[in-house]
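All the letters of the sequence shown, read from the start, carry residue numbers 2 to 296 under my numbering.
Encoded as structure tokens, the structure appears first; notes follow it.
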Amino acid sequence: NSSRILESLAYLERRRGQWERSESYFNEAERLDPRNLHLLTQHAVTYFHHRRLPEALRKFDQVLDITPDDLDTLGNKASIAQAEGDLPRAAALLAPLRPGADSNVLGTQVYQAILERRPASVIPRLKEILAKPDPALGFSNGELRFFLGWAQEVAGDHAAAQGSWRQARSELEPFLKEQPENYYLIGDLALVNMGLGDKAAALALSERAMAANPIEKDPLTGPWSLEILARVAAQMGEPDRAIAALQKLLSISYAGAFPAGPLTPALLRLDPMFDPLRKDPRFQKLVASTALKGR
């Protein structure tokens, strides 16, 4: 009856896409160890993958009852607010936080500024971090530089964005030689090439990321690469591919590619990357949908 065994089984079944079994193991493990912070957090994250957002919030609040002001948990609550389209609530949660370059919360703050379309506030912070990048972060520095470029693009500074993306590409490509199957890295390079307008490279890298970790093999993180494809296709003038990918993504549970978790209708409405699709009736239908599936 060890809670650790049950916790391990919960993760195993989650990875397999056996969500109901995973939920059962999480509940059993929590009955035995109700103040296990890692267990509670992972249970909350699992609800987030399912877009069961009120339940995820309650679980994150349980974590905060034990460790008030926990940075990552507050960041996760802000991500849920973003996923619900409540940017003022997300902003209130994020404003007091001072995350380091190695924290997921930094990405949540940057994404918040982009969703608000007021990215000027995060550009100096990203430049400061990237002026002295931490080698221990590996290719995450190139990922941060992609976000810097995106913030600059949304701010209207196209030339600066292009410079950031060119530098990001030069930083990321050497890692690809060492980690040719790393679908996170491949996806980052797809986004950078998208920003630089290299449609062929961006689409090829998106497809390579999907092949490196197909949904059939990994129902939890496999769809991450499909989201990258949806974003690239939207930006690169391939609306049919983008819409098909988005229809699939909104019908399944998965770990999202961006800080706010799996895509939701609210995120489609707010995220500037999907602006080229706004006049497409199929996209408008997705934005208006409320019945999200969490299977």
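Glycine included, C-beta positions come from ideal geometry on N, C-alpha and C.
Proximity below 7 angstroms, CB of residue 264 to CB of residue 250 = Locating residue 264 in the sequence shown gives position 263, counting from the first residue. Locating residue 250 in the sequence shown gives position 249, counting from the first residue. Residue 264 places its beta carbon less than 7 angstroms from that of residue 250.
Close Cβ partners of residue 8 (< 6 angstroms) along its chain, the five nearest in sequence each way excluded = Locating residue 8 in the sequence shown gives position 7, counting from the first residue. Cβ neighbours of residue 8 beyond the five flanking positions: 30 and 40.
Should residue 152 and residue 124 be called a contact, given that it needs their Cβ atoms to be closer than 7 angstroms?
-> For the purposes of this step, residue 152 is taken as residue 151 along the sequence shown, with counting starting at 1. For the purposes of this step, residue 124 is taken as residue 123 along the sequence shown, with counting starting at 1. Yes. Within cutoff.
What's the C-alpha gap between residue 112 and residue 244?
-> Counting from 1 along the sequence shown, the entry for residue 112 is found at position 111. Counting from 1 along the sequence shown, the entry for residue 244 is found at position 243. So the alpha carbons of these two residues sit roughly 22 angstroms apart.
Is the beta carbon of residue 18 sitting closer than 7 angstroms to the one on residue 220?
-> Position 17 of the sequence shown holds residue 18. Position 219 of the sequence shown holds residue 220. At the C-beta level, residue 18 and residue 220 come within 7 angstroms of one another.
Selection from 266, 155, 291 and 213 that minimises the alpha carbon distance to residue 180 = Walking along the sequence shown from the start, residue 180 turns up at place 179. Nearest to residue 180 by C-alpha distance, out of 266, 155, 291 and 213, is 213.
Hey, which unbroken runs of the alpha helix (DSSP H) at 4 residues or more fall wholly within the stretch 207 to 275?
-> Fully enclosed alpha helix (DSSP H) runs of 4 or longer: 223 to 236, 240 to 250 and 266 to 271.
Would you check if the distance between the CB atom of residue 267 and the CB atom of residue 76 is smaller than 7 angstroms?
-> The residue labelled residue 267 in the question sits at position 266 within the sequence shown. The residue labelled residue 76 in the question sits at position 75 within the sequence shown. For residue 267 and residue 76, no; Cβs fall outside 7 angstroms.
Three-pair Cβ contact test at 8 angstroms for the stretch 191 to 198 versus the stretch 233 to 240 = They touch, by the three-pair rule.
Closest residue to residue 255 among 102, 20, 4 and 191 (Cα-Cα distance) | For the purposes of this step, residue 255 is taken as the residue at position 254 of the sequence shown. Residue 20 is the option with its Cα nearest to residue 255.
Using CA coordinates, which residue listed in 173, 73, 148 and 83 is at the minimum distance from residue 162?
-> Counting from one through the sequence shown, the residue named residue 162 turns up at place 161. Comparing alpha carbon positions, the residue from 173, 73, 148 and 83 closest to residue 162 is 148.
Cβ-based neighbour list, residue 4, same chain, cut-off 6 angstroms, excluding 5 preceding and 5 following | Sequence index remark: in the sequence shown, residue 4 carries index 3 (1-based). Hits under 6 angstroms: 30, 33 and 34.
To the nearest angstrom, how far is it from the Cα of residue 129 to the Cα of residue 247?
-> As a first step, residue 129 is located in the sequence shown; it is residue number 128 there, counting from the start. As a first step, residue 247 is located in the sequence shown; it is residue number 246 there, counting from the start. One Cα belongs to residue 129, the other to residue 247, and the distance between them is close to 35 angstroms.
Would the beta-carbon of residue 1 fall within 7 angstroms of that of residue 278?
-> The chain is shown only over 2 to 296; residue 1 falls outside these bounds and no answer can be derived.
In its own chain, which residues sit with a C-beta less than 7 angstroms from the C-beta of residue 200, not counting the 5 before and 5 after it?
-> Walking along the sequence shown from the start, residue 200 turns up at place 199. Excluding the 5 residues flanking it on each side, residue 200 has same chain C-beta neighbours closer than 7 angstroms at 237, in chain order.
Reducing DSSP to helix, strand and coil, say where residue 280 ends up.
-> Position 279 of the sequence shown holds residue 280. Looking at residue 280 - three-state DSSP - the assignment turns out to be coil, as it is neither helix nor strand.
Tell me which same chain residues have a C-beta within less than 6 angstroms of the C-beta of residue 134, skipping the five on either side of it?
-> For the purposes of this step, residue 134 is taken as residue 133 along the sequence shown, with counting starting at 1. 142.
Who are the near neighbours of residue 154 in its chain, counting only those whose CB is closer than 8 angstroms to its CB and skipping five residues on each side?
-> Within the sequence shown, numbered from 1, the residue matching residue 154 stands at position 153. Non-local beta-carbon contacts of residue 154 in its own chain, meaning distances under 8 angstroms to residues more than five positions away in sequence, involve 162 and 196 in chain order.
Local Cβ density within 10 Å of residue 291, reported as buried at 16 or more and exposed below that | Working through the sequence shown from its first residue, we reach residue 291 at position 290. Of the other Cβ atoms in all chains shown, fewer than 16 fall within 10 Å of the Cβ of residue 291; this residue is therefore exposed.
Mind checking whether residue 191 and residue 173 have CB atoms under 7 angstroms apart?
-> Position 190 of the sequence shown, counting from 1, holds the residue named residue 191. Position 172 of the sequence shown, counting from 1, holds the residue named residue 173. The answer is no: Cβ separation not under 7 angstroms.
Would you mind listing the alpha helix (DSSP H) stretches within the stretch 109 to 178 that are 4+ residues and don't spill past its ends, in chain order?
-> For the stretch 109 to 178, whole alpha helix (DSSP H) runs of length 4 or above, ordered along the chain, are 124 to 132 and 141 to 155.
Helix, strand or coil at residue 287 according to DSSP, with G and I counted as helix = Taking the first residue of the sequence shown as position 1, residue 287 is located at position 286. Residue state, collapsed to three classes: helix.
When the Cα atoms are used, what is the spatial distance from residue 108 to residue 71?
-> In the sequence shown, counting from the first residue as 1, residue 108 sits at position 107. In the sequence shown, counting from the first residue as 1, residue 71 sits at position 70. Going by the C-alpha atoms only, they are around 16 angstroms apart.
Helix, strand or coil: which one does DSSP assign to residue 77?
-> The residue you call residue 77 lines up with position 76 of the sequence shown. The answer is helix: DSSP assigns residue 77 an H, G or I state.
When 48, 38 and 36 are compared against residue 25, the one with the closest alpha-carbon = On the sequence shown, position 24 is the one that residue 25 refers to. Of the listed residues, the one whose Cα sits closest to residue 25 is 48.
On the three-state DSSP scale, how would you describe residue 71?
-> Within the sequence shown, residue 71 is the residue found at index 70, counting from 1. Judged by DSSP in its simplified three-state form, residue 71 adopts coil rather than helix or strand.
Please report how far the alpha carbon of residue 38 lies from the alpha carbon of residue 62, in whole angstroms.
-> Here the question's residue 38 lines up with position 37 in the sequence shown. Here the question's residue 62 lines up with position 61 in the sequence shown. Cα to Cα, the separation comes out at about 11 angstroms.
How many Å lie between residue 305 and residue 79 at the Cα?
-> Residue numbering for the chain in the displayed model covers 2 to 296; residue 305 lies beyond these limits and cannot be assessed.
Compute the Euclidean distance between the alpha carbons of residue 168 and residue 144, then round it to the nearest angstrom.
-> As a position in the sequence shown, residue 168 is number 167, starting the count at 1. As a position in the sequence shown, residue 144 is number 143, starting the count at 1. Linking residue 168 to residue 144 through their CA atoms gives a straight-line distance of about 11 angstroms.
Beta-carbon separation of residue 156 and residue 120 under 7 angstroms?
-> Taking the sequence shown and counting its residues from 1, one reaches residue 156 at position 155. Taking the sequence shown and counting its residues from 1, one reaches residue 120 at position 119. Residue 120 is positioned such that its CB atom lies closer than 7 angstroms to that of residue 156.
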